[in-house]
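A short write-up of the structure that comes next.
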Amino acid sequence: MLLLQGLVLGILVGGMYALMASGLTLIFGVMRLINIAHAAIIIFASYLSWQLLRVLGVDPLISIVILVIVFFVGGALLQKYVLSALIDKDLSLALLATLGVANVLEGMEGALWTSSFHAINTGYSDQTYHFGDVYVPLIRIITFVASVIILAGLYVLLTHTNLGRAIRATTQNRGVAQLVGVNVNRITMIAFGIGIAVAAAAGPLMGMYYPFYPNSHWGWIGKLMAIVVLGGLGSFRGTLLAALILGIAEQVSILYIPANWAATVFFVLLFAVLIVRPQGFFGHVARESL
Amino acid sequence: MNARRAIAIAWPVLPLAILIALPFNGLNGFLLDLFYFTFTYAAMSVGWNIIGGYTGYISLANLGFFGLGSYIGGLMLSHLDWPILLTAPLVGLVCSLVAAVIGWIALRTRGPSFVIVTLAFTFIVQFLALNLKDITGGSAGLYLPLLSMDPLLRGDLFYYYMLGVLVLAIAAAIGIRRSRFGLGLIAIREDEGKAEGSGINTSLFKIVAFMISIWFAAVAGAVHAQYLDYVDPDLAFELIIMLNMIVMTLLGSRGTVWGPVLGAFILFPLQSYLVYWLPSTIAGEVHLALLGVVLVLVARFMPEGLLVTLQKLIARRPPPRLQAVPVDAATSARP
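These protein sequence lines map, in sequence, to chains Y and L. Every letter in the first sequence is one number past the one before it in the working numbering, and letter 5, counting from 1, is 804. Every letter in the second sequence is one number past the one before it in the working numbering, and letter 30, counting from 1, is 114.
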């Protein structure tokens, strides 16, 4: 029964991991860029959601809508005015620029909100349901359902719209996409914006689930990188699958080893995958289809 | 022409002589420390530049090895009574061997797995330092036996030690830059496929470059543990150390011998004054954010760094014309 508990919680948290990592994989797909600031952007969205709840009483689930719009614009501008010029010159410069962004956000959060823990607490934060022997906090159901809805929306956008087709074409082969009339620079900007917007959507959910502080994004970016490598860099499906697997592996291992050691599951799997199969689950599939 | 060449080769002797002479001329505690830190950062940046600049692979593991070096040096001191200042080169060697394993995992493939693995490595070492409480003392840290010596001489000792490491780092950087090995690294940076095609064992080159890079980070970490007489997971793995190595190298000029040194000598003193001047409640946060801003701005507007940009400004005269060589002379010169 304990195992079932771990399995259920693992799937629920895996859904949120998938949302957190999907933006990272989308951005890697179109730009071949590891966005080191990804988790910092998620945490920044958590802080803004916390502030909106505190000052204006906006429910975190509603603040998602506001944050998605604002972060999409911010992300697109960052891509257009900073990163795109660097990508053309030298990819490693763009990588270092995202490292810089991560530190700017971390420092700014520390200055604005101090370096102590924050958590988004709503009226429904403490409710828990029991299904037989399995107990499930309401928050985990909410974050899972919200993550699945947003991911489904992203999936439809990528597979059933012209924009999505253009993004996938750019991911698969930039040169050929340009040849068939895709404005790849514009598509890259939009895709980066979407990736950041997805991170913004994950922020309030993450903030309801876990406490956060300015430099907690370092722990998260490690986990997210493990997920995207395991799934095969740039593969959307691979990321979803890897997020579920790592979520379950983490929650099950918490049952048997001390909770702080459970985080090592991510790194053990990361190194195992890189030794055995460096391209991840869907490393090559990503080239042919989504 | 020969005089210019002599100056071009021998000029570092002058600043070195000044740096050696400074402690004899009343350099006081604060400035002595400032120089010690600047030397430490400069040596680590020169080291980072060998993998990050020459070879073009962004390593985030140098911080992990700085911390690992601190712990290995500290543990050997407290358990075996081996003085850190003597074992530091050995600690560096041990860390370089660990780096070879990490490099083997991450550098077999091209592309982004290196940055991911190196970041993961830093997290793992910090995690172990925090959680292997029986060995490392966990978050309380390790208090090391103090150096038994005159406190006035102590400052001088660390000053000269890190000056020595810095000189060694620069010598290594110059040596590599002029060797076939260094040429191979730059070829890897410019076009790894072609480098491999021209017969360079790219995996081996990358791993050796990474090992050399790591040696300096680990030595600096070990020496710093003795400097503080203390190691803990926060100080040994402070992210600002990693950020500094990168920003200093990029600001000075990535891929050049002197760029990282220049970057460290500009940025570290500026930062100490900034932190001193800021209100202490937000000094750390503003410091971090500003360093991030500098990183983004340099990457965006001066990616070649100060040294190369200045060289280009100075050399802004008509490009040297090719010497006109008679066609038959040119062809007959060939065997």
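A virtual CB, placed ideally from N, CA and C, is assigned to each residue, including glycine.
Please look up how many angstroms separate the CB atoms of residue i and residue j, rounded, as I've assumed it's under 8 Å.
i: residue 815(Y); j: residue 914(Y); result: Residue 815(Y) to residue 914(Y), Cβ: 24 Å. No contact.
i: residue 197(L); j: residue 190(L); result: 5 Å
i: residue 1029(Y); j: residue 819(Y); result: Between residue 819(Y) and residue 1029(Y) the Cβ distance is about 14 Å, and since that is not below 8 Å, they are no contact.
i: residue 894(Y); j: residue 199(L); result: 6 Å
i: residue 433(L); j: residue 227(L); result: No statement about residue 433(L) is possible, as the shown extent of chain L runs from 85 to 419 and does not include it.
i: residue 239(L); j: residue 113(L); result: 6 Å
i: residue 899(Y); j: residue 1051(Y); result: The pair is not a contact, with the Cβ atoms about 37 Å apart (cut-off 8 Å).
i: residue 896(Y); j: residue 209(L); result: Wrong, their Cβ atoms sit about 26 Å apart, outside the cutoff.
i: residue 213(L); j: residue 320(L); result: 7 Å
i: residue 153(L); j: residue 302(L); result: 3 Å
i: residue 1038(Y); j: residue 824(Y); result: 4 Å
i: residue 122(L); j: residue 300(L); result: The pair is not a contact, with the Cβ atoms about 15 Å apart (cut-off 8 Å).
Just the C-alpha distance for residue i and residue j, rounded to the nearest angstrom, thanks.
i: residue 86(L); j: residue 346(L); result: 26 Å
i: residue 875(Y); j: residue 843(Y); result: 17 Å
i: residue 901(Y); j: residue 322(L); result: 15 Å
i: residue 287(L); j: residue 174(L); result: 25 Å
i: residue 1069(Y); j: residue 185(L); result: 15 Å
i: residue 304(L); j: residue 150(L); result: 7 Å
i: residue 868(Y); j: residue 296(L); result: 46 Å
i: residue 414(L); j: residue 400(L); result: At residue 414(L), the pLDDT of 44 sits below 50, so the modelled position is not reliable; the number obtained from the coordinates is stated separately. Computed Cα separation, rounded: 29 Å.
i: residue 888(Y); j: residue 807(Y); result: 46 Å
i: residue 343(L); j: residue 1008(Y); result: 45 Å
i: residue 905(Y); j: residue 232(L); result: 40 Å
i: residue 341(L); j: residue 169(L); result: 26 Å
i: residue 828(Y); j: residue 1077(Y); result: 17 Å
i: residue 383(L); j: residue 953(Y); result: 32 Å
i: residue 968(Y); j: residue 979(Y); result: 10 Å
i: residue 309(L); j: residue 1064(Y); result: 30 Å
i: residue 362(L); j: residue 1073(Y); result: 44 Å
i: residue 1020(Y); j: residue 838(Y); result: 5 Å
i: residue 996(Y); j: residue 872(Y); result: 8 Å
i: residue 993(Y); j: residue 832(Y); result: 15 Å
i: residue 800(Y); j: residue 944(Y); result: 24 Å
i: residue 260(L); j: residue 298(L); result: 15 Å
i: residue 110(L); j: residue 128(L); result: 27 Å
i: residue 932(Y); j: residue 1040(Y); result: 27 Å
i: residue 377(L); j: residue 903(Y); result: 6 Å
i: residue 338(L); j: residue 956(Y); result: 41 Å
i: residue 167(L); j: residue 813(Y); result: 48 Å
i: residue 192(L); j: residue 285(L); result: 11 Å
i: residue 243(L); j: residue 329(L); result: 19 Å
i: residue 1089(Y); j: residue 245(L); result: Interpretation of residue 1089(Y) is limited by its pLDDT of 33, a score under 50 that renders its predicted location unreliable; no figure is taken from the coordinates.
i: residue 357(L); j: residue 165(L); result: 37 Å
i: residue 116(L); j: residue 107(L); result: 8 Å
i: residue 222(L); j: residue 215(L); result: 6 Å
Using the Cβ count rule (16 or more neighbours within 10 Å means buried), how would you classify residue i?
i: residue 98(L); result: exposed
i: residue 1087(Y); result: Unreliable positioning characterises residue 1087(Y) in this predicted model, as indicated by a pLDDT of 33, which lies under 50. The coordinate reading is nonetheless provided below. So residue 1087(Y) counts as exposed.
i: residue 928(Y); result: exposed
i: residue 975(Y); result: exposed
i: residue 289(L); result: buried
i: residue 830(Y); result: buried
i: residue 982(Y); result: exposed
i: residue 131(L); result: buried
i: residue 49(L); result: Look at the range of chain L in this structure, 85 to 419, and you will see that residue 49(L) is not part of it.
i: residue 365(L); result: exposed
i: residue 985(Y); result: exposed
i: residue 249(L); result: buried
i: residue 79(L); result: For residue 79(L) there is no data in the structure shown, the boundaries of chain L being 85 and 419.
i: residue 817(Y); result: buried
i: residue 1033(Y); result: buried
i: residue 834(Y); result: buried
i: residue 1049(Y); result: buried
i: residue 393(L); result: exposed
Counting only beta-carbon separations shorter than 9 Å, does residue i have a partner in chain B?
i: residue 831(Y); result: This model lacks chain B altogether; the protein chains it does include are Y and L.
Handout entry: the stretch 1043 to 1062 of chain Y in contact with the stretch 842 to 852 of chain Y per 3-pair CB rule at 8 Å
Key = no
Handout entry: Inter-stretch contact at 8 Å, needing at least 3 Cβ pairs: the stretch 143 to 159 of chain L / the stretch 265 to 283 of chain L
Key = no
Exercise for the section: Pair every Cβ in the stretch 996 to 1006 of chain Y with every Cβ in the stretch 857 to 867 of chain Y, then say whether three or more of these pairs are closer than 8 Å. Expected result: yes
Practice task
Only counting runs of 3 or more residues, tell me where the beta strand (DSSP E) segments fall wholly within the stretch 98 to 167 of chain L, in order along the chain.
Solution key: none
Problem - Inside the stretch 861 to 931 of chain Y only - alpha helix (DSSP H) runs reaching at least 4 residues - result: 883 to 888 and 890 to 912
Exercise for the section: Would you be able to state if there are at least three C-beta pairs under 8 Å between the stretch 325 to 337 of chain L and the stretch 123 to 137 of chain L? Expected result: yes
Exercise for the section: At 4 residues or longer, and completely inside the stretch 301 to 337 of chain L: list those alpha helix (DSSP H) runs for me, N to C. Expected result: 317 to 320 and 323 to 336
Exercise for the section: Output the residue ranges of the alpha helix (DSSP H) runs that lie fully inside the stretch 945 to 1016 of chain Y and measure 4 residues or longer, sorted by chain position. Expected result: 961 to 971, 973 to 978 and 983 to 1008
Handout entry: Any 3 or more C-beta pairs closer than 8 Å across the stretch 985 to 1001 of chain Y and the stretch 955 to 968 of chain Y
Key = yes
Problem - Secondary structure, alpha helix (DSSP H): runs of 4+ residues fully inside the stretch 239 to 288 of chain L - result: 264 to 274 and 276 to 281
Problem - Within the stretch 1033 to 1080 of chain Y, ranges of the alpha helix (DSSP H) (whole runs, at least 4 residues) - result: 1035 to 1055, 1058 to 1061 and 1063 to 1075
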